[in-house]
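Protein chains in written order, with the working numbering: chain A, 150 to 706; chain B, 12 to 245.
To keep things clear, I will list the structure first and then write my remarks on it.
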Amino acid sequence: MYKLLLCWRYLRTRWIALASVVSVTLGVATMIVVNAVMAGFSHEMQTRIHGILSDIVFEAHSLSGFQDPAWHMEEIRRAAGDDIAGMTPTVAVPAMLSFQVRGQWITRQIMFIGIDETTHAYVSDFGRYLQHPGNRERLSFALREGGYDTVDSQSDGPGPTRPALEGAGWPHRRMRVERERVWREKLEADRAKAAADQAAEGASGDEGVQPASAVGPVRSVDQQVDAVLAATSQPVAAAVVNEQAAPSTPTKAPDPFKAARPEEGRAMDPAKEQFTGIVPGIGLASFRDSTGVDRFLVLPGDDVKVTFPTAGTPPKAVSDTFTIVDFYESKMSEYDSNFVFVPIAQLQRMRGMIDPQSGLASVNSIQIKLKDGADLDVVRDRLRKVFPADMYAVSTWRDKQGPLLSAVEMEMSVLNILLFLIIAVAGFGILAIFFMIVVEKTRDIGILKSLGAGSTGIAGIFLGYGLFLGLVGAGAGLALGLAIVLNINSIRAGVEWCTGQRVFDPSIYYFFKIPTVIDPFTIAWIIAGAVAIAVASSVLPALRAARLHPVEALRHD
Amino acid sequence: MIKASSLLRVRDLRKSYRSGDHRLDVLRGVDFDLATGEFVSVVGQSGSGKSTLLHLMGLLDAADSGEIALGDTRIDRLPSARRDRLRNSAIGMVFQAYHLLPELDALENVLAPLMVRHGVIEWLRVRREARARAADLLTRFGLGGRLHHKPRQLSGGEMQRVAIARALVTQPRVLLADEPTGNLDEATGGEILDTLCELNRADGLSIVLVTHDAAIARRADRIVRLAAGRVEAA
Ligand SMILES: Nc1ncnc2c1ncn2[C@@H]1O[C@H](COP(=O)(O)OP(=O)(O)O)[C@@H](O)[C@H]1O
Ligand SMILES: [Mg+2]
């Protein structure tokens, strides 16, 4: 009983001992915050990666893929049918995406992915990452009549704002076409006037212009309009371009879509019709400014060009025009600035992946979704047994991102070791203060021994004292850590407001808020570790107190 | 050779201190007996080894050789847990410098040996009775109104009376007092001695009183002298 009373009394008269606990508190709080944030990032990243990759990816080594996905799916079902919830074929090829911003062509390297409109969203989280509620419900590569989200649908709370998406879709497309038409009319009027002037000057000009007219139809109106739009800010340059491009066929503009879609054999009205729809990653089309507003270079309704290799050997580059129908935002910047999705059938046709004789199409990979509770590795191994490894690669989503995931894990453990060292340093503080208390209390220890207290009892006082300090320190650290974690975004805002500096720049990270995950198990470990360190560092002083010779201790002053 | 009635028996007790290669033989074969209910003074010059003898009898230190018995049992070679228990329940000690715990008030200081004896759960059970006994003792020593004063708020005489109450609260078989009046003025010291005499007479408490003052020693039933490491009757 005296142990408890004395622990309590010593503590009440020696608040200074609590000072040594402050570092335990800070260490515990830091560990909790760092673990929560790291786990938040890692969790976010894993869900994103998993959301993109489906459970198991079955792919061909060759870029031209394998034929007859239906037969392969049949085989996969035969091998692991019980665990499979769904499958979808995909075609993926490296490609170039080009679009025009203020008259300048911007070209980006992309991964062009053909997906099945109906099944793809079921196999992965693809659908969740789209910007139109209708597309999230059910993906369609047809351009929508507006209604795109102007606030990020994936962030609960304040997300990035996208005022530009307000008018996206058909309204944007019609407006653009109208603007281009006005420009074209102005252009043609000017050109007609120039031609008339030239004709008035002399007939010799005719021959000079005539050869140019042969080039005219080849150049699409697109390009002409592009040039004109480019010229809006530079009227002088526009005049030059006009001169160069000037075909002597002012009455009939060449049909641009004849080239793009020769099979349709008719003029296309861009205000009412679209090219094949594509869904580019949002990172390809936009950037986030420092105020957290997303600025778009192109919008749903705009047309872009994609250049991709054909399936033949050697591959030839072919280009085609597509209409953006939505954006894809997985919040993994690597994917969001790389992936462009297109209907698989179109891509197969354009790449020549359909065998003219058999009519069988080829695909690059089959994405497999497993039923809940199925063991990914087991299914992967079963499929690997069935399909020859020199032709097919079967991997789980974890395999695919293995290096990244393990790098994050390693980062976390290194950080934890470092932070734990901080708490260990706090332990030495406790050790020093306890030694001082033992020296100061030597006479009291002698008195207690003369009253019949045993050595274990004396040691118990100091161990109990250390335990108490550890609990207080860890408890305060827990409270502080949780408070920080739960309010981390308001704290961030506060710090930014005070210092005027961005702590967490949403234009760098794709998360708008700092993600956190509180794992009770981790917290339990941290607390246990901190308390253990506090107790461990009171062991030496406690032993010293227990070993004090009672007579010597009584003589001490 | 051992008297049947004697409570505390010391035979051929030797103790030496070593510092470097110099050996100081403090006790060189001490024989000493205390009968039940007896009040004995041990006198001797300063440095003659009186405190050393008392510490050995109080089991605070171990002798080089010889034996100490309390009642019928030899107590100097017991395992430490049993010695702790004896110290707690059978022996009461009072020191020159009072040796009260500064963090505890008078009542708690008196209760300290009982708290040492009992665990937390047990303590909750005996607490009421223990407090009553401790308060009684303090009241008997004239400290009824000072129960919750800390040692630093008490005078020397008051502190020593608290220390005596602490030594007696466990109802020990023998009280060992090491110059209890050494830090007190004559009048206050006299009061303390009166208290001890009263305890001896009224309660039959067996007391060993160590002092270098012959006048104080004379208050006891019997006086022995410690000189040259041995005890001789005075
Ligand atoms: N731990 C020790 N080491 C060395 N000498 C000691 C020690 N304790 C006591 N002494 C010596 O033993 C002698 C007896 O001391 P003590 O019993 O305190 O004497 P008294 O109480 O009679 O004044 C003294 O000379 C003292 O210096
Ligand atoms: Mg002495």
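Just so you know, even glycine gets a beta-carbon here, dropped at the ideal spot from N, CA and C.
Proximity of residue i and residue j at Cβ, strictly below 8 Å
i	j	result
I259 (chain A)	T239 (chain A)	no
D469 (chain A)	V455 (chain A)	yes
V680 (chain A)	L629 (chain A)	no
D274 (chain A)	L525 (chain A)	no
A234 (chain A)	K520 (chain A)	yes
S172 (chain A)	V574 (chain A)	yes
V206 (chain A)	S514 (chain A)	yes
I572 (chain A)	A185 (chain A)	no
P537 (chain A)	E266 (chain A)	no
A6 (chain B)	L118 (chain B)	The structure shown does not extend to residue 6 (chain B), since chain B is modelled only from 12 to 245, so the question has no answer here.
G122 (chain A)	G283 (chain A)	Nothing can be reported for residue 122 (chain A), as the shown portion of chain A is limited to 150 through 706.
V127 (chain B)	L600 (chain A)	yes
V467 (chain A)	I427 (chain A)	no
L65 (chain B)	R94 (chain B)	no
A694 (chain A)	G619 (chain A)	no
A91 (chain A)	G450 (chain A)	Any answer about residue 91 (chain A) is impossible in this case: the structure gives chain A only from 150 up to 706.
I633 (chain A)	V182 (chain A)	yes
D23 (chain B)	G82 (chain B)	no
Beta-carbon separation (whole angstroms), residue i vs residue j, contact threshold 8 Å
i	j	result
M559 (chain A)	R197 (chain A)	That pair is no contact at about 20 Å.
L448 (chain A)	H321 (chain A)	5 Å
L237 (chain B)	S59 (chain B)	5 Å
S217 (chain B)	V185 (chain B)	5 Å
V37 (chain B)	S27 (chain B)	6 Å
F43 (chain B)	V235 (chain B)	7 Å
G622 (chain A)	T174 (chain A)	5 Å
Q497 (chain A)	I503 (chain A)	6 Å
Residue interval of the beta strand (DSSP E) (run including residue i)
i	result
H33 (chain B)	33-46
V219 (chain B)	217-222
K518 (chain A)	514-519
D116 (chain B)	From DSSP, D116 (chain B) is part of no beta strand (DSSP E); its letter is neither H nor E.
R241 (chain B)	241-244
D205 (chain B)	Run containing D205 (chain B): none in the beta strand (DSSP E); it sits in the alpha helix (DSSP H), 197-214.
I225 (chain A)	I225 (chain A) -> not in any beta strand (DSSP E); alpha helix (DSSP H) instead, spanning 218-229.
M104 (chain B)	102-105
D443 (chain A)	443-445
L24 (chain B)	17-30
V51 (chain B)	50-54
S435 (chain A)	435-437
Extent of the continuous alpha helix (DSSP H) to which residue i belongs
i	result
I79 (chain B)	Segment 76-81 is the beta strand (DSSP E) holding I79 (chain B); no alpha helix (DSSP H) there.
W164 (chain A)	Careful: W164 (chain A) lies outside any alpha helix (DSSP H) and carries neither H nor E.
T150 (chain B)	131-151
L554 (chain A)	551-589
D485 (chain A)	482-485
R233 (chain B)	Not the alpha helix (DSSP H): R233 (chain B) falls in the beta strand (DSSP E), residues 233-238.
D526 (chain A)	525-535
F290 (chain A)	Unbroken run through F290 (chain A): none, as it is neither H nor E.
S604 (chain A)	604-635
M170 (chain B)	167-179
I667 (chain A)	Looking at the DSSP string, I667 (chain A) is not in any alpha helix (DSSP H), and its letter there is neither H nor E.
Closer than 7 Å: residue i CB and nearest ligand 4 heavy atom
i	result
T84 (chain B)	The model depicted lacks ligand 4 and carries ligand 1 and ligand 2 instead.
Identity of the residues DSSP links to residue i by a beta bridge
i	result
I503 (chain A)	A:A510
K342 (chain A)	None; K342 (chain A) has no bridge partner.
V127 (chain B)	DSSP, once it has assigned bridges, lists no residue as partnering V127 (chain B).
E208 (chain A)	A:S514, A:A542
Y477 (chain A)	A:L279, A:G430
T84 (chain B)	B:L81
W254 (chain A)	A:Q249
F261 (chain A)	A:V242, A:V489
I594 (chain A)	I594 (chain A) pairs with nothing; no bridge assigned.
L187 (chain B)	B:M104, B:V219
P699 (chain A)	DSSP lists no partner for P699 (chain A).
K454 (chain A)	A:S247, A:T470
G235 (chain A)	A:K518
*chain B contacts from the stretch 588-607 of chain A (Cβ-Cβ distance under 8 Å)*: For the stretch 588-607 of chain A, which is checked against every Cβ of chain B, the residues closer than 8 Å are R592, D593, G595, I596, L597, K598, S599, L600, G601, A602, G603, S604, G606.
_Please identify, using Cβ separations under 7 Å, the residues of the stretch 665-696 of chain A that lie next to chain B, in order along the chain._
For the stretch 665-696 of chain A, the beta-carbon criterion of a distance under 7 Å to any beta-carbon of chain B is satisfied by none of its residues.
*Residues within the stretch 89-106 of chain B neighbouring chain A, beta-carbon criterion of under 9 Å*: Across the stretch 89-106 of chain B, CB contacts with chain A closer than 9 Å involve S91, A92, R94, D95, R96, L97, R98, N99, S100, I102, M104, F106, in sequence order along the chain.
*Under 8 Å (Cβ pairs) to chain A, residues found in the stretch 70-90 of chain B*: Per Cβ criterion, the list reads L71, D72.
*Taking only beta carbons into account, state which residues of the stretch 158-190 of chain B come closer than 8 Å to chain A, listed in chain order.*
Sequence-ordered contacts of the stretch 158-190 of chain B with chain A read R177 [C-beta pairs closer than 8 Å].
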